[in-house]
Amino acid sequence: MQSKKKNFLLLTLFTALILVLAACGNAGNPGNTGNTVEPPSNNEAQNGTAPTGGNSLETIKSKGKITIGLMGTYAPYNFVNENNEVDGYDADISKEIAKRLGVEAEFVTGEFSGLIEGLQKGKYDALVSQVTITDERKQSIDFSEPYVKNDVSIIVKDNNDSIQSVEDFKGKKVGVALGTNDEAYLRDEVLPKVGEFEIVTYNDNLNALMDLNSGRIDATINNVFALKPLIESNNLKLKTVGDPLKSDYAGVAMPKGSAELQEAVNQALQEIKDDGTLKTLYNKWFDVDPNF
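Positions -22 to -1, 1 to 270 (mature numbering (1 follows the signal peptide of the UniProt record, and there is no 0)) are the ones given, in order, by the sequence shown.
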């Protein structure tokens, strides 16, 4: 009898414990009393960040500024002037675009090799830093219509008569800016056609020119607009040889999926062309009229 009563008490306690645990387990479920946990939004589900593109124009307008990434070491396109301000053709284009978007342009400088990655990670709203429009880059970022055309040429020492074309690169050292379309051109097109030559990369165009001037490399490639002021201001004994290797078009780079921002930037660029601003800026920085 005593044993039966003991078993009955144990069964009663066990049943009560189960009921308590069940109540605790239901307390957090939607529709029951207790704390509820909301499901994550679509944006939060994507690693807790806002979408790369889509609403970027709205965000830019709401904060009243567009953050532009550029090198700041690539005169006359973009450089830091004596007043410690970002200046140059890219800077002026950026300010004109910002004005037509109804916001201010904020500049953030960095090495070219890290600009696209910074754009993809949200460090910049756009890049205006001579980012050449290519099919490969279009896979990961969006571009505006071109805002400049650049002819790329070979530059050598002024006493060098052995290099007149890319065919003469064989066995030579050729400098180029790291992560640029010019580097890809040398590796993907020139190297397979010409044969072995050494490609030396630089984070700064001036360093490439200084090495060329001192004989550490045999040639470099770049556009004359960019190299002319560096050559003149540093009294370098360099020259351009042969015909232009190719013509590149640079556009405003934006995060992939920035359809609204892309449309607004393209509209701003069209206004800049139509009202003569583009011609004014071309003459200001390059002493020529636009040819595109």
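C-beta atoms are modelled at their ideal positions from N, C-alpha and C, and glycine is treated no differently.
Identify whether residue i lies in helix, strand or coil by the three-state DSSP scheme.
i	result
Leu(-14)	Model confidence at Leu(-14) stands at a pLDDT of 40, short of 50, so the residue's coordinates are unreliable; what they give is reported in the following sentence. Of the three classes helix, strand and coil, the one that applies to Leu(-14) here is helix, per DSSP.
Ser192	helix
Leu259	helix
Glu176	strand
Asp252	helix
Asp166	helix
Asp221	strand
Val243	helix
Within 10 angstroms of the Cβ of residue i, are there 16 or more other Cβ atoms? Answer buried if so, exposed if not.
i	result
Gly254	exposed
Ser122	buried
Gly42	exposed
Ser72	buried
Glu176	exposed
Glu74	buried
Ser40	exposed
Ser211	exposed
Ser107	buried
Ser34	buried
Val64	buried
Gln240	buried
Thr158	buried
Thr37	exposed
Lys110	It should be noted that the sequence gives Thr, not Lys, for residue 110. Result: buried.
Asp113	exposed
Using the DSSP secondary-structure output, state which residues sit across from residue i in a beta bridge.
i	result
Lys226	Per the sequence presented here, residue 226 reads as Asp, with Lys not at that position. DSSP, once it has assigned bridges, lists Asn128 as partnering Asp226.
Asp199	Note on residue identity: the sequence assigns Ile, not Asp, to residue 199. According to DSSP, Ile199 bridges with Ile132.
Gly153	Val178, Thr198
Leu216	Lys135
Ala231	Leu105, Phe121
Thr110	Ala228
Query raised in the report: Which runs of the beta strand (DSSP E), 3 residues or longer, sit entirely within the segment 37 to 92?
Result: 43 to 48, 56 to 58, 82 to 87
Query raised in the report: Which ranges does the alpha helix (DSSP H) cover as unbroken runs of at least 4 residues, wholly within the segment 112 to 145, from first to last along the chain?
Result: 113 to 116
Query raised in the report: Is it true that the segment 199 to 217 meets the segment 112 to 132, where meeting means three or more beta-carbon pairs spaced less than 8 Å apart?
Result: yes
Requested in this report: Indicate whether the contact test is met: 3 or more Cβ pairs, each with one atom in the segment 182 to 197 and one in the segment 235 to 253, closer than 8 Å.
Outcome: no
Query raised in the report: Quick check: the segment 106 to 125 against the segment 139 to 154, are there 3 or more CB pairs under 8 Å?
Result: no
Query raised in the report: Is the segment 46 to 56 touching the segment 92 to 109 in the sense that three or more CB pairs, one from each, lie closer than 8 Å?
Result: yes
Report task. Indicate whether the contact test is met: 3 or more Cβ pairs, each with one atom in the segment 257 to 267 and one in the segment 149 to 168, closer than 8 Å. Result -> no
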